[in-house]
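Novice: Starting off with a structure, shown below.
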């Protein structure tokens, strides 16, 4: 987030520094986990509007005075943005070297290069996939907003120059049209690809353009005091309403982002007149102006400090620890503003020297990031025990991904190949199929190994975030996810091959409770069907029960034996990364193990209903806890390796560890009477 004072040819407005203070405080307090600011992330949107206003003011003023220079524009941006950023990147690199496990350090190296290349937003968009690491392990995650703004700085001056030449006085009308298109695309993208809508610049450009439009809006007449006061108050209310009422479940950005963005635009516009409104006077107070002045450094420092604190502590931070972290953040930001930002803004060195220094430091930092990547995160820094545990995060059977890609083609064309989905003896007819979501995918190594040992054949049919239930949809997923079509195709596959054993596996506790163990979700994981579109967990449970019964009945009618794998114990933390960090500091890897009592309590209600279902159907259940848990705890490690790859999915090693759980499936043979009845 780049929020710097305008050039000297633009009138300084202390109220905009005050508006920056509101924005940065919202973001910092939100990221600190203070519950009073559930929508504090909208501060970034306020910053986008401010940046658009200030940068457009500079560009338009210079162009209209025939004094605009691309070289001069980019030179000012480098002097004001880069020094503080490079200091934070260097300090973060040192902290990551001391604390991070090799895999995390490699990821940091990639984000370091992306931050320097102004493409952090693109990198984090590509990393927004299903199994990517949590935000708490990404100390440069906040640089995504810098990427958006730096890409805007690269393109927008050229666009204004072009429009000045070809559109003349209509240039801002064209920018308005482009802003409306960007907003429309942002709203559209939320349903299609919410990560793209959040991270990518063309979906955020309308916010920066909105600020730019405020520079050319007609001035309020001197006597329009009521209008100016009303706009300022309304603008502040729009921002504060967003900060205090939005949450991580808000459909964002899109039209919901328009609320704080419009609020910022109204404050900027109403404060432009000579008469000081109440809002302008409030925002121009000394404390807010000072926080606004240090807001860029405050934003740069806050996220790495919070990330490294959480990483070091492992367990959730206490109130006093958060307070100390906030004090440290403000102290560092003040020093950064005074000793780094201010001197480099005033320094008088030639453009060539500035660009050269920028290039040299960039090359050095890129070299550091590249070296970290090529050296696989410098594993020699940490103990071999910690390295072994950390490898669990990448301990995934590649069969799953290959199979899922082939199944996607099969759903559209039932004659497509599913060769990659074969487990065990390829030449034999499949005697079983593993069907379910990513938790089923995590069990592929177990059944694959067992099938190889017993010279039988099976199939894997898994799709992330799709429970193996006929006729259901995940309401928290986009319509393009289409679990219903996938499951119908799998059922057709079972029928066509006459498969004797069907193993249903899923993250049942997620669908039953609507949320993860000890975790948060932007949306509850509710299941719907053709008859019901649930709005709460209770209704979704009824849909789930109906779907389980419907699916078992359909499978039994086809002659298949149905096996249901109960919930794998959930850790409540990020698995191998936490375990490795514990080992790194000499603590017991099992320190944060899940108790059997907690696991049993979370599964109790679902198990009770399973018991009732078994009274009506020939359903067999398989419980991973029988192997993973003892009388007290559910293990997360064994023989110096992690049983999990994250907080709830078994690693390849963990999956193979419980392979004997599926021995009854491999040994089961369809009764001869069933075969004869189908002839």
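Numbering (the numbering used here), first residue to last: 110 to 788.
A virtual CB, placed ideally from N, CA and C, is assigned to each residue, including glycine.
Note that the structure is predicted; figures quoted are calculated from it, not measured.
Which residues does DSSP pair with residue 750 in a beta bridge?
Specialist: Residue numbering aside, residue 750 sits at position 641 when the chain shown is read from its first letter. Residue 750 is bridged to 747.
Novice: Going straight from the alpha carbon of residue 394 to that of residue 184, what length do you get?
Specialist: In the chain shown, counting from the first residue as 1, residue 394 sits at position 285. In the chain shown, counting from the first residue as 1, residue 184 sits at position 75. Going from the Cα of residue 394 to the Cα of residue 184 covers about 31 Å.
Novice: Just verifying my parser: in three-state terms, what is the DSSP assignment at residue 771?
Specialist: Here residue 771 refers to the residue found at position 662 of the chain shown. In the structure shown, residue 771 sits in a helix (DSSP, three-state: H, G or I).
Novice: Expressed to the nearest angstrom, what Euclidean distance is found between the alpha-carbon atoms of residue 640 and residue 576?
Specialist: One-based indexing of the chain shown puts residue 640 at position 531. One-based indexing of the chain shown puts residue 576 at position 467. Looking at the two C-alpha atoms, the distance is approximately 18 Å.
Novice: Pull up the distance between the alpha-carbon of residue 666 and that of residue 768, whole angstroms please.
Specialist: By 1-based counting over the chain shown, the position of residue 666 is 557. By 1-based counting over the chain shown, the position of residue 768 is 659. Cα to Cα, the separation comes out at about 28 Å.
Novice: In the DSSP output, what is residue 671 paired with across the bridge?
Specialist: One-based indexing of the chain shown puts residue 671 at position 562. When beta bridges are read from the DSSP output, residue 671 appears opposite 611, 728.
Novice: For residue 122, does the three-state DSSP call read helix, strand or coil?
Specialist: What you label residue 122 is simply residue 13 of the chain shown in a count that begins at 1. Correct three-state label for residue 122: coil.
Novice: Applying the criterion that 16 or more other CB atoms from any shown protein chain within 10 Å of the CB defines a buried residue, is residue 179 buried or exposed?
Specialist: As a working note, residue 179 is residue 70 in the chain shown. It is exposed - the Cβ of residue 179 has fewer than 16 other Cβ atoms within 10 Å.
Novice: What is the rounded straight-line gap between the Cα of residue 370 and the Cα of residue 298?
Specialist: Counting from one through the chain shown, the residue named residue 370 turns up at place 261. Counting from one through the chain shown, the residue named residue 298 turns up at place 189. Answer to the nearest angstrom: the Cα atoms are 18 Å apart.
Novice: Applying the 10 Å Cβ sphere with the 16-neighbour rule, what's the burial state of residue 247?
Specialist: Taking the chain shown and counting its residues from 1, one reaches residue 247 at position 138. Classification for residue 247: buried.
Novice: Straight-line CA distance for residue 462 to residue 207?
Specialist: Along the chain shown, read from residue 1 onward, the residue named residue 462 stands at position 353. Along the chain shown, read from residue 1 onward, the residue named residue 207 stands at position 98. Looking at the backbone, the Cα of residue 462 and that of residue 207 are separated by about 33 Å.
Novice: At the level of alpha carbons, what is the spacing between residue 705 and residue 215?
Specialist: Walking along the chain shown from the start, residue 705 turns up at place 596. Walking along the chain shown from the start, residue 215 turns up at place 106. Between residue 705 and residue 215, the alpha-carbon positions lie close to 35 Å from each other.
Novice: In chain order, which alpha helix (DSSP H) runs of at least 4 residues are fully inside the region 429-489?
Specialist: 451-455, 460-483
Novice: Could you give the C-beta distance for residue 133 and residue 410, rounded to a whole number, given that I count them as a contact under 8 Å?
Specialist: The residue given as residue 133 occupies position 24 in the chain shown. The residue given as residue 410 occupies position 301 in the chain shown. No, residue 133 and residue 410 are not in contact; Cβ-Cβ is about 11 Å, not under 8 Å.
Novice: Can you tell me which of the three DSSP states residue 254 falls into?
Specialist: Working through the chain shown from its first residue, we reach residue 254 at position 145. Residue 254 falls in the helix class under three-state DSSP.
Novice: Quick one: measure Cβ to Cβ for residue 147 and residue 356, integer angstroms, because I've assumed they're closer than 8 Å.
Specialist: Position 38 of the chain shown holds residue 147. Position 247 of the chain shown holds residue 356. Yes, they are in contact, since the Cβ atoms of residue 147 and residue 356 sit about 4 Å apart, within 8 Å.
Novice: Expressed to the nearest angstrom, what Euclidean distance is found between the alpha-carbon atoms of residue 269 and residue 292?
Specialist: For this step, residue 269 is matched to residue 160 along the chain shown. For this step, residue 292 is matched to residue 183 along the chain shown. Between residue 269 and residue 292, the C-alpha separation is close to 19 Å.
Novice: Tell me the residue span of the alpha helix (DSSP H) that contains residue 541.
Specialist: Here residue 541 is taken as the residue at index 432 of the chain shown, counted from 1. No alpha helix (DSSP H) contains residue 541, which is instead part of the beta strand (DSSP E) from 541-545.
Novice: Kindly indicate which residue of 492, 524, 495, 531 has the alpha-carbon position closest to the one of residue 510.
Specialist: On the chain shown, position 401 is the one that residue 510 refers to. For residue 510, the nearest C-alpha among the options comes from 531.
Novice: Assign residue 528 to one of two classes, buried (16 or more other C-beta atoms within 10 Å of its C-beta) or exposed (fewer than that).
Specialist: On the chain shown, position 419 is the one that residue 528 refers to. Its Cβ having fewer than 16 others within 10 Å, residue 528 is exposed.
Novice: Take every Cβ of the region 466-486, pair it with every Cβ of the region 212-231, and state whether three or more of those distances are shorter than 8 Å.
Specialist: Output reads yes: the region 212-231 touches the region 466-486.
Novice: Out of curiosity, what's the CA-to-CA distance linking residue 444 and residue 578?
Specialist: Against the chain shown, residue 444 aligns to sequence position 335. Against the chain shown, residue 578 aligns to sequence position 469. Take the alpha-carbon of residue 444 and the one of residue 578: they are about 58 Å apart.
Novice: State yes or no: is the C-beta of residue 692 nearer than 7 Å to some heavy atom of the ligand SAM?
Specialist: With respect to small molecules bound, the structure shown includes none, and the ligand SAM cannot be examined in it.
Novice: Go through its chain and collect everything with a Cβ distance to residue 239's Cβ below 6 Å, but skip five positions before and after it.
Specialist: As a first step, residue 239 is located in the chain shown; it is residue number 130 there, counting from the start. Caution is warranted here: a pLDDT of 47 is assigned to residue 239, below 50, making its placement in the model unreliable, and the coordinate value is therefore given only provisionally. Excluding residues within five positions, the ones whose Cβ falls inside 6 Å are 573.
Novice: If distances are taken between C-alpha atoms only, which option among 745, 468, 608, 159 comes closest to residue 697?
Specialist: For this step, residue 697 is matched to residue 588 along the chain shown. For the residues 745, 468, 608, 159, the minimum Cα distance to residue 697 belongs to 745.
Novice: Give, in chain order, every unbroken run of the alpha helix (DSSP H) that is at least 4 residues long and sits entirely within the region 143-224.
Specialist: Within the region 143-224, the complete alpha helix (DSSP H) runs of at least 4 residues are 152-173, 179-208.
Novice: Taking the runs of the beta strand (DSSP E) that are 3 residues or longer, which of them lie wholly in the region 354-380?
Specialist: Whole beta strand (DSSP E) segments, 3+ residues: zero.
Novice: Which residues bound the alpha helix (DSSP H) around residue 705?
Specialist: For this step, residue 705 is matched to residue 596 along the chain shown. First-last of the alpha helix (DSSP H) with residue 705: 705-723.
Novice: Can you tell which of 350, 644, 561, 604 has the C-alpha that lies nearest to the C-alpha of residue 765?
Specialist: Indexing the chain shown from 1 puts residue 765 at position 656. Taking residue 765 as reference, the option from 350, 644, 561, 604 with the minimal CA-CA separation is 561.
Novice: Taking the straight line between their C-alpha atoms, what separation do you get for residue 404 and residue 468?
Specialist: What you label residue 404 is simply residue 295 of the chain shown in a count that begins at 1. What you label residue 468 is simply residue 359 of the chain shown in a count that begins at 1. Distance between residue 404 and residue 468, taken at the CA atoms: about 26 Å.
Novice: For residue 305, tell me which candidate among 230, 379, 366 has the shortest Cα-Cα distance.
Specialist: What you label residue 305 is simply residue 196 of the chain shown in a count that begins at 1. When only C-alpha atoms are compared, the closest one is 230.
Novice: Using a Cβ-Cβ cutoff of less than 8 Å, which residues in the same chain neighbour residue 749 once the five nearest sequence positions on both sides are dropped?
Specialist: Taking the chain shown and counting its residues from 1, one reaches residue 749 at position 640. Correct list, in chain order: 494, 497, 498.
Novice: Would DSSP call residue 566 helix, strand or coil?
Specialist: Translated into positions along the chain shown, residue 566 becomes position 457. In this structure, residue 566 counts as strand in the three-state DSSP scheme.
Novice: Could you check if residue 771 is buried or exposed, using at least 16 other CB atoms within 10 Å of its CB as the buried criterion?
Specialist: Counting from one through the chain shown, the residue named residue 771 turns up at place 662. Buried, by the Cβ-count rule.
Novice: Ends of the alpha helix (DSSP H) at residue 510?
Specialist: Looking up residue 510 in the chain shown gives position 401. It spans 508-521 - the alpha helix (DSSP H) in which residue 510 sits, taken as one unbroken run.
Novice: With distance defined between alpha-carbon atoms, name the residue in 670, 567, 254 nearest to residue 307.
Specialist: As a position in the chain shown, residue 307 is number 198, starting the count at 1. Closest option to residue 307, Cα to Cα, is 254.
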